[in-house]
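Taking it in order: structure first as structure tokens, then the write-up.
6 protein chains.
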Amino acid sequence: MNRLFIRSQLQRFLEEDVGRGDITTEAVCGEETVKARVVAKEKGILAGLPFVQELFLMLGDVCVRPKVGEGSEFKEGDVLIELEGRADVILTAERLTLNMLQSLSGIATKTREFVRALEGTKVKLLDTRKTTPGYRFFEKYAVRIGGGSNHRFALYDMVLIKDNHKRVAGSLEEAVRRVKEKVGPAYKIEVEVESLEELEKALDLSVDIVMLDNFTPEEVKEAVKIAKGKVEIEVSGKVTLENIREYATEGVDYISSGSVIYASSWIDLSLRVL
Amino acid sequence: MNRLFIRSQLQRFLEEDVGRGDITTEAVCGEETVKARVVAKEKGILAGLPFVQELFLMLGDVCVRPKVGEGSEFKEGDVLIELEGRADVILTAERLTLNMLQSLSGIATKTREFVRALEGTKVKLLDTRKTTPGYRFFEKYAVRIGGGSNHRFALYDMVLIKDNHKRVAGSLEEAVRRVKEKVGPAYKIEVEVESLEELEKALDLSVDIVMLDNFTPEEVKEAVKIAKGKVEIEVSGKVTLENIREYATEGVDYISSGSVIYASSWIDLSLRVL
Amino acid sequence: MNRLFIRSQLQRFLEEDVGRGDITTEAVCGEETVKARVVAKEKGILAGLPFVQELFLMLGDVCVRPKVGEGSEFKEGDVLIELEGRADVILTAERLTLNMLQSLSGIATKTREFVRALEGTKVKLLDTRKTTPGYRFFEKYAVRIGGGSNHRFALYDMVLIKDNHKRVAGSLEEAVRRVKEKVGPAYKIEVEVESLEELEKALDLSVDIVMLDNFTPEEVKEAVKIAKGKVEIEVSGKVTLENIREYATEGVDYISSGSVIYASSWIDLSLRVL
Amino acid sequence: MNRLFIRSQLQRFLEEDVGRGDITTEAVCGEETVKARVVAKEKGILAGLPFVQELFLMLGDVCVRPKVGEGSEFKEGDVLIELEGRADVILTAERLTLNMLQSLSGIATKTREFVRALEGTKVKLLDTRKTTPGYRFFEKYAVRIGGGSNHRFALYDMVLIKDNHKRVAGSLEEAVRRVKEKVGPAYKIEVEVESLEELEKALDLSVDIVMLDNFTPEEVKEAVKIAKGKVEIEVSGKVTLENIREYATEGVDYISSGSVIYASSWIDLSLRVL
Amino acid sequence: MNRLFIRSQLQRFLEEDVGRGDITTEAVCGEETVKARVVAKEKGILAGLPFVQELFLMLGDVCVRPKVGEGSEFKEGDVLIELEGRADVILTAERLTLNMLQSLSGIATKTREFVRALEGTKVKLLDTRKTTPGYRFFEKYAVRIGGGSNHRFALYDMVLIKDNHKRVAGSLEEAVRRVKEKVGPAYKIEVEVESLEELEKALDLSVDIVMLDNFTPEEVKEAVKIAKGKVEIEVSGKVTLENIREYATEGVDYISSGSVIYASSWIDLSLRVL
Amino acid sequence: MNRLFIRSQLQRFLEEDVGRGDITTEAVCGEETVKARVVAKEKGILAGLPFVQELFLMLGDVCVRPKVGEGSEFKEGDVLIELEGRADVILTAERLTLNMLQSLSGIATKTREFVRALEGTKVKLLDTRKTTPGYRFFEKYAVRIGGGSNHRFALYDMVLIKDNHKRVAGSLEEAVRRVKEKVGPAYKIEVEVESLEELEKALDLSVDIVMLDNFTPEEVKEAVKIAKGKVEIEVSGKVTLENIREYATEGVDYISSGSVIYASSWIDLSLRVL
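In structure tokens, the structure reads:
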């Protein structure tokens, strides 16, 4: 990861929460040094550690000692991180530290459940662009820590022709034709199809990936037969932890689910000065 | 709200999702104009409309016509917004539009449930600083739309002496003394107490608000009796939709719950070009 | 104070004065190291030292040794700071160093005079928002160093209902009502009153502070009697070093004066390479 | 002036004073429109009008009608500007509007006094780099409005060899030699001299301007004779409104005085909603 | 293209060339309006028009009338653009306008020559990341206007395994293995090969594109035979206008050449006020 | 040079090329350390070394050892820089390192040729404002390394009255008059003249420099006679390496040529991991 990029994001987060200063901590703390611990109040998968380490490097005067590895499972009561150093720095950064660890561990934990549900298949779990505005880099990182893969990051790094594009262009074929005329070879082209008929059309257009949107598990099986391995297949929409295995048919390459990000739950953690 | 502030935030969100350009839409769309609709796929409370309006004003060439008012209830199938204008602008802004509306309506919807559970009492529902890094302004706005009130925005606009501050200062009394010596009169002072004994100490310190942290409903009732209206009372921790009414004892001024933000669910919406 | 915030401010100041480079110093200086001194050419109270230290940390290669403590009195001829290191860094930062120390020491010095005039009373001296655009954080810091307290920092961290608000709302009562309906419990509410009649109305509205605007000392005494300690009292307007003691009646909590910032005089200092 | 540059500065000032929003005004005001006036409470020279106009253009919904021209004299009681439009916009921008007008009119007013004292001579009044960090562009603008001229803006746009440079280089001659070797022809070269002997040396070095630093009026007269018009002469240091005329000897081109900026007094103005 | 992104780039360019103001134009011009023309002093392909239009929209008060279409050929003496409006705005923006049009038209013109040399083949011309720091977006745009296609924009939007990556990983196979394990399906994978032996290895690794680096035209022909259409083929290095046709063998998909950007010549244009 | 300014520029360049991360290098590299070399593939003059050193200081974990001094000549095959440290940092920064060194060394090399052609004369070579938008600081630095001098940096640091200004003002005399009335003494005044007649007019206006625009060598000789040393003379336009000596008549002070920047060729360099 680009450390300078991460620092500029963290500076923005500090600007939001600390601004010109933490008036409580500046009044209460002098130059005391303390030890503190981040402790788990429920189980989960840890994500966000490198950002916490970079945060305290930026602020200075605090040593960060991870007790659980990034991506590892922890259980209720586990000490995740030990901190030692200036009390004022620790108290001012406490909330941002926890907000990052709780949200990102929540995503990693939920992703891990979906990934486990796919164990034994060749299907990879993908995320989507349904992310919190301004926080996508971190959320997509947490998906990787949970064992998932990232779909495109943004509108500039992959072509994805969706339903609305087809309507504007008039047809799938015309949309693909325009893209191939104008977009260079650096970017993959994926098309969303809504029916088996449309899938058949897409197979003739020599695209990289076809997304089966809101298909039933039975339709997915049918689609795989039709595709005959000529294109990568992504299943999207209506996928839950309960039905994901049904969708993970032989021949499906990817199942994407925005919910591992937007419907994840924060993991309960606390930071305690000893 | 400060419109220039909001524009700078929206520009940052566009930078994240669009960056130097939306390669799919730039290739597929010419100068076509279309109509499109944001449609609800489940019921909820609408929040985020002013940001969507500002977003399209920044991008230009699209007219936004709200069909449901900010803060109003909608049901599955309702058209929330009609858009009319340049197809490329609508398609490029689609995901950010939906990500804002879905997340913020989710928060407003959850907040409304908590607020309804308090109906008939004098207790106000508050949020906390447990928010997504970089998105707090929007999340706290949605709480207000849902009928809640905002607790402090950040570390610079109110004093809140928490457990860790007391440990560094040595005692609650000493922490409050330091704050009163150094912080000017512009900011309210709140202290977190963990027991009825600590509450009694706090009452002698002439602070503005006392937060009862992780008290049972019975302890809260006891605390109210002890406080005798000498200070505002906030209840925090362990509050759920199920038990919130039990906590809403006569004499409690505020119940704060971070979960209306961090544990809210996105409301399912879609944007369809007609 | 938030060190990252301060660094971003100092970087802005350097951008203004140095930009792409100091063409004189780059041509004249090689890698020479020198000693230099900041010397007082008149007496005063020192303010700004932490910013000078941070500035040279950012630029590197210069050691800063304070000879007078922040907030201490110095007299003409005193050496305030010794610098040792790269000549080019010292010469390039000379003007910004002096501009900060001279302006901030000027504010601290003037504030100290006002604070001394209040000695023996319980009245605290406050500043206002009448500050130089872009420099408020530093100016308000210098007030604290001089012994004063800060009024609100900006429009977002406290409610202050002034004359113009009352006119728009139609009445003081209506303005307060609207505020209480919309603003959460995190922020104090202060109202400005222009007469004893208005003060009586304000006392019924349960606000935190009442500002007596442009009252005579006699009116202030009357106001204190009417208020009977039910609310904090701030005196504002027409206050000078000569008459401040008359305003500091028993029962007055704060006297605010923008002039400690906007009418302060720079303290004459010089930086000499030895 | 570069309008985009000015907008970015004004946005920074709004960020300081308004941030995410003006909580009082947002609560008190709806969509009311009002008329308001900026009124002089003492006499002076108006400066800052274009920035106020640009500010309200950025914020929108308010019409600004100047009643006194930029650079014109006004007297106590004069209406300087009439505003008409959204009450919330006017109230939120009130303090920044006044802070700019009061500080800049103060500088213009003081500069005008110095300039008047020079009437009948050929001497031009100059400012210096002794300015408030971050506000220099505006302060130097006000000097021009007052009738003065600007000395260099920053370290990058002119060479000025001062005492400390001479010490590092070993001599005035060596400092000038290094500058001529390395700096291109775009920038003027000025040297500061501390005695008549040094002036004689400087005259041999073919520089553009010589600054007589801390000379008495008599020494200045002597210096003019020695210089014989071979170089432009700037007088600097110890200049006051009282003695400036003594320094304005025939043959002196410029008198510079930082005090028109750093020792100016704010002009008392108020903004009243009608 | 993302208009907000372009505006932020143009603002940066104006900051570089205009900063706080154009001192010549501000002194010389009042509120005069003029007509002006951008005229070609040599032939070429026009590129950069949309940026000039956006620039004058940002600055205001000038109407831009293109006389030659973006991407069209022009000859010496042709009027490319007519401008009408405020003289000061036109003069201040003159240099940036010309610097953009001259550099970008130079790239488009050179690209067109390369593209013409490939006419009749199926080979597409690509650019590289050998671009001027900070100006890539514009340079790559000009390549498209000239008829070329863009290779990846940056290190974040495509995988390209180069020689140095292979050395760190130990082998091409290992490098590809690591990439496939860690990088999601959104990004294409290209590998650079230095010999026919390495090409054969690459064919087994199921990558999207193989770059033949510094191959002779004969080796390229051999490579095409070996590849048998199983992978896209890019030829890179040592390609000039003279030899490009020899490299454009049947079976080659892309020829990349950084020189259309970094070795292009500015087209001579002038802007004349009438 | 202002190190903080340079860092902010380099951060912008990294943002362009690396953004949120180098997906290839992050996947391929672990914590390996390597040695690498920047090697010349053709001869030239080295420029850009300080920026490469600052870049790796910002990124950390890599030691930079220059083998050829800034401004020195090198020949094909020379090792210019040795790098040792983290493989991922080196690979991610490779392209930016080379893009800076290749472009800047190209400018320094071309400038050196022009400067050599002037050897034995007193004429100094100058650059112009015909530079790549956003990269001027670096390009003008490279001119100095090549032995040239810089003309003004931007529109704010010198007055240059060009043809278009004269047209707006009505005459050269009027344009100069307006400038002298409004611009302070800090900035030099240069005027562009198009004929010997205009030169004669300019000589009466007491400006600092006259630019002879598009004169033939013979006209330049005539101009020098007319000027009689009363003003500095700059020759501009139509100057090439072939004819520059003809223009370098005794009495000419400067010859300016934008082509040392905009028509320079990148020097071919490569970075190889050992």
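Residue numbers (this note's numbering), protein chains in the order written: chain C, 1 to 274; chain A, 1 to 274; chain U, 1 to 274; chain P, 1 to 274; chain G, 1 to 274; chain B, 1 to 274.
Quick reminder that beta carbons are idealized off the backbone N, C-alpha and C, glycines included.
All values reported here derive from a predicted model rather than from experimental measurement.
Subject >> C-alpha gap between U:R177 and C:W266, whole angstroms >> reply: Counting from 1 along the third sequence, the entry for residue 177 of chain U is found at position 177. Counting from 1 along the first sequence, the entry for residue 266 of chain C is found at position 266. Roughly 37 angstroms between the two C-alpha positions.
Original post:
P:S149 and P:L125: beta carbons closer than 8 angstroms?
Top reply: Taking the first residue of the fourth sequence as position 1, residue 149 of chain P is located at position 149. Taking the first residue of the fourth sequence as position 1, residue 125 of chain P is located at position 125. Contact: yes.
**OP:** Say whether chain B places a C-beta atom closer than 8 angstroms to the C-beta of G:I23.
**Re:** Looking up residue 23 of chain G in the fifth sequence gives position 23. For G:I23, the closest Cβ of chain B is nearer than 8 angstroms.
Original post:
Do three or more CB pairs link the segment 13–25 of chain U to the segment 167–181 of chain A at distances below 8 angstroms?
Top reply: The way I'd put it, the segment 13–25 of chain U doesn't touch the segment 167–181 of chain A; fewer than three beta-carbon pairs between them come closer than 8 angstroms.
Original post:
Where do the ends of the alpha helix (DSSP H) carrying U:G19 lie?
Top reply: Within the third sequence, residue 19 of chain U is the residue found at index 19, counting from 1. Taken as a continuous stretch (DSSP letters only), U:G19 belongs to no alpha helix (DSSP H), as it is neither H nor E.
Original post:
Per DSSP, B:Y187 is paired with what?
Top reply: As a first step, residue 187 of chain B must be located in the sixth sequence, where it is residue number 187. B:Y187 is bridged to P:Y187.
Original post:
Name the DSSP bridge partner or partners of B:K35?
Top reply: Here residue 35 of chain B refers to the residue found at position 35 when the sixth sequence is read from its first residue. B:E84, per the DSSP bridge assignment.
Original post:
Once you ignore the five residues that flank B:N324 on each side, which residues in its own chain have a CB closer than 8 angstroms to its CB?
Top reply: This structure cannot speak to residue 324 of chain B, because chain B is shown only from 1 to 274.
**OP:** Could you tell me if U:I226 is buried or exposed, where buried requires 16 or more neighbouring beta carbons within 10 angstroms of its beta carbon?
**Re:** Numbered from 1 along the third sequence, position 226 holds the residue referred to as residue 226 of chain U. Per the 10 Å Cβ criterion, exposed.
Original post:
So is U:L126 in contact with chain A if we call contact Cβ pairs under 8 angstroms?
Top reply: Taking the third sequence and counting its residues from 1, one reaches residue 126 of chain U at position 126. At least one chain A Cβ lies under 8 angstroms of U:L126.
Subject >> Residues of the segment 181–208 of chain A with Cβ closer than 9 angstroms to any Cβ of chain U, in chain order >> reply: Close to chain U, meaning a Cβ-Cβ distance shorter than 9 angstroms, are the following residues of the segment 181–208 of chain A: K182, V183, G184, P185, A186, Y187, K188, E190, D208.
Original post:
Helix or strand or just coil, what does DSSP make of C:G44?
Top reply: Looking up residue 44 of chain C in the first sequence gives position 44. C:G44 carries a strand assignment under DSSP once its states are collapsed to helix, strand and coil.
**OP:** Compare the beta carbon distance of C:D208 and C:E232 with 8 angstroms and say whether it is the shorter of the two.
**Re:** One-based indexing of the first sequence puts residue 208 of chain C at position 208. One-based indexing of the first sequence puts residue 232 of chain C at position 232. Annotated as proximal: C:D208 and C:E232, with beta-carbon spacing under 8 angstroms.
Original post:
Do the segment 156–169 of chain A and the segment 156–164 of chain C touch if we need at least three Cβ pairs shorter than 8 angstroms?
Top reply: Not touching, per the Cβ criterion.
Original post:
Are there 16 or more other CB atoms within 10 angstroms of the CB of U:K122, so buried, or fewer, so exposed?
Top reply: On the third sequence, residue 122 of chain U is found 122 positions in, with the first residue counted as 1. Answer is exposed; the Cβ neighbour count stays below 16.
**OP:** Please list the partners that C:E16 has in chain U, where partner means a Cβ-to-Cβ separation under 9 angstroms.
**Re:** For the purposes of this step, residue 16 of chain C is identified with residue 16 of the first sequence, where counting begins at 1. Neighbours of C:E16 in chain U, taken as residues whose beta carbon is under 9 angstroms from its own, are absent, since the nearest beta carbon is some 12 angstroms off.
**OP:** Enumerate in chain order the residues of its own chain whose CB-to-CB distance from P:Y254 is below 6 angstroms, with the five nearest sequence positions on each side excluded.
**Re:** Working through the fourth sequence from its first residue, we reach residue 254 of chain P at position 254. Correct list, in chain order: K124, L126, E234.
**OP:** Output, in chain order, the set of chain G residues within a Cβ distance shorter than 8 angstroms of B:V143.
**Re:** Within the sixth sequence, the letter at position 143 stands for residue 143 of chain B. None at all; the shortest Cβ gap to chain G is about 16 angstroms.
Subject >> Straight-line gap, C:R65 to C:V79 (C-alpha atoms, nearest Å) >> reply: Counted from its first residue, the first sequence places residue 65 of chain C at position 65. Counted from its first residue, the first sequence places residue 79 of chain C at position 79. Spanning the two alpha carbons is a distance of roughly 10 angstroms.
Subject >> G:E197 - containing alpha helix (DSSP H), residue span >> reply: Within the fifth sequence, numbered from 1, the residue matching residue 197 of chain G stands at position 197. 196–203 is the extent of the alpha helix (DSSP H) around G:E197.
Subject >> One or two residues paired with A:Y254 in a DSSP bridge >> reply: By one-based count along the second sequence, residue 254 of chain A stands at place 254. Answer by DSSP bridge pairing, in chain order: A:K124, A:E234.
Original post:
So which of U:S206, U:E246, U:I81, U:E42 has the shortest CA-CA distance to U:E218?
Top reply: Within the third sequence, numbered from 1, the residue matching residue 218 of chain U stands at position 218. Cα-wise, what sits closest to U:E218 is U:E246.
Subject >> Selection of the segment 226–250 of chain G by Cβ proximity to chain C, strictly under 9 angstroms >> reply: When C-beta distances to chain C are compared with 9 angstroms, the residues of the segment 226–250 of chain G below that value are E232, E234, in chain order.
Subject >> Own chain residues within Cβ distance below 8 angstroms of C:V224, not counting five before or after >> reply: To locate residue 224 of chain C, count along the first sequence from 1; it is residue 224. If we look at C:V224 and ignore the five residues flanking it on each side, its Cβ neighbours are I233, T249, E250, G251, V252.
**OP:** Go ahead and pull the three-state DSSP assignment for U:F74.
**Re:** The count along the third sequence starts at 1 and reaches residue 74 of chain U at position 74. DSSP places U:F74 in the strand class (E or B) of the three-state scheme.
**OP:** Rank G:V179, G:S256, G:I90 by C-alpha distance to the C-alpha of G:V28 and give the top, closest one.
**Re:** On the fifth sequence, residue 28 of chain G is found 28 positions in, with the first residue counted as 1. Minimum Cα distance to G:V28 is reached at G:I90.
**OP:** Sort out for me which residues DSSP pairs G:R178 with in a bridge.
**Re:** Reading the fifth sequence from its first residue, position 178 is the one you call residue 178 of chain G. Its beta-bridge partners do not exist; DSSP assigns none.
**OP:** Would you mind telling me which residues of chain A sit closer than 7 angstroms to G:L10, beta carbon to beta carbon, in chain order?
**Re:** As a position in the fifth sequence, residue 10 of chain G is number 10, starting the count at 1. Simply none; closest approach about 14 angstroms.
**OP:** Can you tell me which of the three DSSP states B:E192 falls into?
**Re:** Position 192 of the sixth sequence, counted from the start, is the residue given in the question as residue 192 of chain B. DSSP, read as helix, strand or coil, puts B:E192 in strand.
Subject >> Cβ-based neighbour list, G:L199, same chain, cut-off 8 angstroms, excluding 5 preceding and 5 following >> reply: In the fifth sequence, residue 199 of chain G corresponds to position 199, counting from 1. The residues are V193, V210, L212, A223, I226, A227.
**OP:** Could you tell me whether the Cβ of C:E139 comes closer than 8 angstroms to any Cβ of chain U?
**Re:** Taking the first residue of the first sequence as 1, we reach residue 139 of chain C at position 139. Taking CB atoms only, C:E139 has no neighbour in chain U less than 8 angstroms away.
Original post:
Looking at C-alpha atoms only, which residue of B:G146, B:G134, B:L49 is the closest neighbour of B:R116?
Top reply: The residue given as residue 116 of chain B occupies position 116 in the sixth sequence. For B:R116, the nearest C-alpha among the options comes from B:G146.
**OP:** Per DSSP, which residues does G:V224 bridge with? Please list them.
**Re:** For the purposes of this step, residue 224 of chain G is taken as residue 224 along the fifth sequence, with counting starting at 1. According to DSSP, which records beta bridges pairwise, G:V224 is partnered with nothing at all.
Original post:
Under 8 angstroms between C-beta atoms, does C:R3 make it to chain G?
Top reply: Here residue 3 of chain C corresponds to residue number 3 of the first sequence, with the count starting at 1. C:R3 has a beta carbon lying at 8 angstroms or more from every beta carbon in chain G.
**OP:** Using the Cα positions of U:E70 and A:I244, report the straight-line distance between them to the nearest angstrom.
**Re:** Locating residue 70 of chain U in the third sequence gives position 70, where the first residue counts as 1. Locating residue 244 of chain A in the second sequence gives position 244, where the first residue counts as 1. Whole-angstrom Cα-Cα distance: 50 angstroms.
**OP:** Could you pull the start and end residues of the alpha helix (DSSP H) that C:M58 belongs to?
**Re:** Residue mapping note: residue 58 of chain C aligns to position 58 of the first sequence, counting from 1. Following the DSSP letters along the chain, one finds C:M58 inside the alpha helix (DSSP H) bounded by residues 49–59.
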